[in-house]
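Counting in our numbering, the sequence shown runs from 222 upward without gaps.
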Amino acid sequence: MKVLVVGSGGREHALCWAIAKSSKLSKLFCAPGNAGIAEVAECVAIGGEDIDALVTFAKDNAIDLVVVGPEAPLVLGLVDKLEEAGIRAFGPSAAASVLEGSKGFMKDMCAKAGVPTAAYGRFTEAEAAKSFIRENGAPIVVKTDGLAAGKGVIICQTVGEAEKAVDDMMGDKIFGDAGNEIVVEDFLEGEECSFFALIDGERALPLAAAQDHKAAYDGDKGPNTGGMGAYSPTPIATPEICDKIMETAITPLIKTMAKEGCPYKGVLFCGLMVKDGVPTVLEYNIRFGDPECQVLMMRWKSDVLEALDAAAQGKLDDIQLDWHDETAMVVVMAAQGYPGSYEKGTEIKNINQANTIENAFVFHAGTKADDGKILATGGRVLGVTGRGQTVREAQATTYKAVDAIDWEKGFCRRDIGWRAVAREDQK
Numbered sequence: 222m223k224v225l226v227v228g229s230g231g232r233e234h235a236l237c238w239a240i241a242k243s244s245k246l247s248k249l250f251c252a253p254g255n256a257g258i259a260e261v262a263e264c265v266a267i268g269g270e271d272i273d274a275l276v277t278f279a280k281d282n283a284i285d286l287v288v289v290g291p292e293a294p295l296v297l298g299l300v301d302k303l304e305e306a307g308i309r310a311f312g313p314s315a316a317a318s319v320l321e322g323s324k325g326f327m328k329d330m331c332a333k334a335g336v337p338t339a340a341y342g343r344f345t346e347a348e349a350a351k352s353f354i355r356e357n358g359a360p361i362v363v364k365t366d367g368l369a370a371g372k373g374v375i376i377c378q379t380v381g382e383a384e385k386a387v388d389d390m391m392g393d394k395i396f397g398d399a400g401n402e403i404v405v406e407d408f409l410e411g412e413e414c415s416f417f418a419l420i421d422g423e424r425a426l427p428l429a430a431a432q433d434h435k436a437a438y439d440g441d442k443g444p445n446t447g448g449m450g451a452y453s454p455t456p457i458a459t460p461e462i463c464d465k466i467m468e469t470a471i472t473p474l475i476k477t478m479a480k481e482g483c484p485y486k487g488v489l490f491c492g493l494m495v496k497d498g499v500p501t502v503l504e505y506n507i508r509f510g511d512p513e514c515q516v517l518m519m520r521w522k523s524d525v526l527e528a529l530d531a532a533a534q535g536k537l538d539d540i541q542l543d544w545h546d547e548t549a550m551v552v553v554m555a556a557q558g559y560p561g562s563y564e565k566g567t568e569i570k571n572i573n574q575a576n577t578i579e580n581a582f583v584f585h586a587g588t589k590a591d592d593g594k595i596l597a598t599g600g601r602v603l604g605v606t607g608r609g610q611t612v613r614e615a616q617a618t619t620y621k622a623v624d625a626i627d628w629e630k631g632f633c634r635r636d637i638g639w640r641a642v643a644r645e646d647q648k
């Protein structure tokens with residue numbers, strides 16, 4: 222098969238790395254890719270949101286399957302355009318992608334499907350949102366309805382904070398047009414986890430659970446980010462809880478979306494809060510998480526391309542998945558200053574040395590190659606990943622690889638997996 226992966230981040234490097242191992246693969250392209258992806262795929266200088274150029278490239282190169290990494294091209298209808306051109310694609314249609322493109326739509330779909338989620342209100346007027354906040358009190362959560370690169374969620378401890386969040390989103394447009402409409406919902410207590418399933422329009426095949434770390438600094442301190450690290454599996458998502466997630470949060474949603482005329486294909490990312498063994502849905506995303514994708518691909522033992530292609534064809538019944546039993550962990554190395562302003566173009570050394578460490582691999586996110594050097598081009602730049610028999614062992618392997626890398630202008634959290642390590646130590 223000739224395959225095109227769309228995207229340029231750590232998630233896409235992990236997908237390319239896994240797909241490249243498939244016996245079914247004849248040629249792998251990535252648009253636009255990055256310095257790490259270039260080692261396993263031919264990178265093509267087409268932006269992920271240049272829908273027409275991507276479709277033209279796929280037709281001209283007789284691509285058999287397009288795997289879409291980020292959410293933006295999905296919301297823009299890339300899968301629809303590819304399928305119109307007779308090219309198979311892994312990812313949801315534009316109609317199904319509204320599940321992530323609009324948080325209000327997602328909450329309404331949960332209500333129709335009977336999926337357990339926090340009570341909420343949808344608002345296009347700031348005063349109505351503030352009135353709802355005053356009636357319900359704090360803590361309370363204010364979210365942009367539209368896409369905000371994973372940052373459009375503000376957890377407010379007081380009514381005043383929540384009213385300010387409304388003004389920031391709707392008045393000052395700190396997240397642009399994503400804040401034209403907002404969702405305000407109850408704050409849920411518990412521990413967060415992410416759960417992933419492959420969907421073929423009718424059937425759902427469970428993948429695995431993971432837990433990520435959103436705050437920038439150790440101890441879950443500092444501003445929210447796109448994710449500073451993750452591990453899988455997570456002790457909080459026991460087999461019983463994973464079964465419950467499938468039963469209450471995945472299967473009913475898929476059935477309802479098909480009934481509503483927007484059947485879902487691709488990977489479904491379900492963000493949940495777990496308290497006292499009960500999972501409640503926080504959000505759905507329409508793509509693999511980043512950095513969760515890196516740990517899933519590190520654990521995935523069977524043919525990834527075969528499974529993604531089966532989902533795209535509506536044939537998940539034919540697929541048996543096989544996983545490494547170990548824990549996988551990823552630590553994100555980011556540019557100093559992230560998620561605020563940061564310097565671009567700084568040099569990163571010794572990535573190859575890190576890759577020689579057993580059971581470790583460095584996934585590139587915001588990088589480019591320049592005359593034999595690797596330069597940082599983004600905020601989250603590397604996803605240093607390791608596997609181990611226990612969480613502590615995975616953590617030790619991962620940080621050994623982190624410490625092998627020489628990047629003066631980078632930083633990372635040093636406590637990824639701390640909850641799971643604490644649980645292990647109590648046993």
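Each residue gets a CB set at the ideal place from its N, CA and C atoms; glycine is no exception.
Burial state of residue i (16 or more Cβ within 10 Å)
{"i": "A622", "result": "buried"}
{"i": "Q515", "result": "buried"}
{"i": "P460", "result": "exposed"}
{"i": "K324", "result": "buried"}
{"i": "N255", "result": "buried"}
{"i": "N546", "result": "As written in the sequence, residue 546 is Asp, which differs from the Asn given in the question. Exposed, because fewer than 16 other Cβ atoms sit within 10 Å of the Cβ of D546."}
{"i": "G566", "result": "exposed"}
{"i": "A549", "result": "buried"}
{"i": "T338", "result": "buried"}
{"i": "G561", "result": "exposed"}
{"i": "Q647", "result": "exposed"}
{"i": "D511", "result": "buried"}
{"i": "S244", "result": "exposed"}
{"i": "R634", "result": "buried"}
{"i": "T618", "result": "buried"}
{"i": "G358", "result": "exposed"}
{"i": "Q178", "result": "Missing from the structure shown is residue 178; the chain here goes from 222 to 648 and no further."}
{"i": "D285", "result": "buried"}
Candidates the options: closest to residue i by CA position
{"i": "I272", "options": "L249, S247 and E305", "result": "E305"}
{"i": "P253", "options": "V226, L236, S243 and K245", "result": "V226"}
{"i": "Y505", "options": "M519, F490, I403 and E513", "result": "F490"}
{"i": "V362", "options": "V287, C633, A386 and L295", "result": "A386"}
{"i": "V224", "options": "K589, L246, D439 and G307", "result": "L246"}
{"i": "E468", "options": "R520, L526 and L426", "result": "L426"}
{"i": "A310", "options": "I420, G561, R601 and Y452", "result": "I420"}
{"i": "I395", "options": "A369, A418 and I376", "result": "A369"}
{"i": "E356", "options": "V287, V405, D464 and G230", "result": "V405"}
{"i": "K594", "options": "G373, T501, C251 and G257", "result": "G257"}
{"i": "A347", "options": "T365, I578, M330 and A332", "result": "T365"}
{"i": "E384", "options": "M391, A399, G373 and K351", "result": "K351"}
{"i": "R232", "options": "E263, P291 and K248", "result": "P291"}
{"i": "A532", "options": "D393, Y485, N571 and I375", "result": "Y485"}
{"i": "C331", "options": "M478, D464 and T577", "result": "M478"}
Separation of residue j from residue i, as counted between CA atoms
{"i": "S318", "j": "L295", "result": "6 Å"}
{"i": "A556", "j": "G447", "result": "13 Å"}
{"i": "A581", "j": "D524", "result": "20 Å"}
{"i": "K476", "j": "G322", "result": "20 Å"}
{"i": "K442", "j": "D530", "result": "40 Å"}
{"i": "E423", "j": "A316", "result": "16 Å"}
{"i": "V336", "j": "V380", "result": "27 Å"}
{"i": "W639", "j": "A615", "result": "12 Å"}
{"i": "G599", "j": "Y559", "result": "9 Å"}
{"i": "D439", "j": "Y620", "result": "14 Å"}
{"i": "A299", "j": "V488", "result": "Here the sequence assigns Leu to residue 299, which means Ala is not the residue at that position. Roughly 15 Å separates the two Cα atoms."}
{"i": "V642", "j": "G607", "result": "15 Å"}
{"i": "T501", "j": "Y341", "result": "13 Å"}
{"i": "L474", "j": "Q574", "result": "45 Å"}
{"i": "K536", "j": "T472", "result": "16 Å"}
{"i": "M391", "j": "D398", "result": "9 Å"}
{"i": "M519", "j": "L428", "result": "13 Å"}
{"i": "T588", "j": "V499", "result": "40 Å"}
{"i": "A586", "j": "A597", "result": "9 Å"}
{"i": "V583", "j": "F250", "result": "20 Å"}
C-beta contact flag for residue i and residue j at 9 Å
{"i": "G604", "j": "A235", "result": "yes"}
{"i": "M327", "j": "E413", "result": "no"}
{"i": "L303", "j": "I507", "result": "no"}
{"i": "W628", "j": "I569", "result": "yes"}
{"i": "P454", "j": "A436", "result": "no"}
{"i": "A279", "j": "I308", "result": "yes"}
{"i": "G411", "j": "H434", "result": "no"}
{"i": "V265", "j": "W238", "result": "no"}
{"i": "G400", "j": "G373", "result": "yes"}
{"i": "G312", "j": "V276", "result": "no"}
{"i": "S415", "j": "G492", "result": "yes"}
{"i": "E270", "j": "A293", "result": "yes"}
8 Å contact criterion, which residue i and residue j should meet: CB distance rounded
{"i": "E564", "j": "V612", "result": "With a Cβ gap of about 33 Å, E564 and V612 do not count as contacting."}
{"i": "F408", "j": "P360", "result": "4 Å"}
{"i": "I403", "j": "F344", "result": "5 Å"}
{"i": "L542", "j": "F417", "result": "With a Cβ gap of about 11 Å, L542 and F417 do not count as contacting."}
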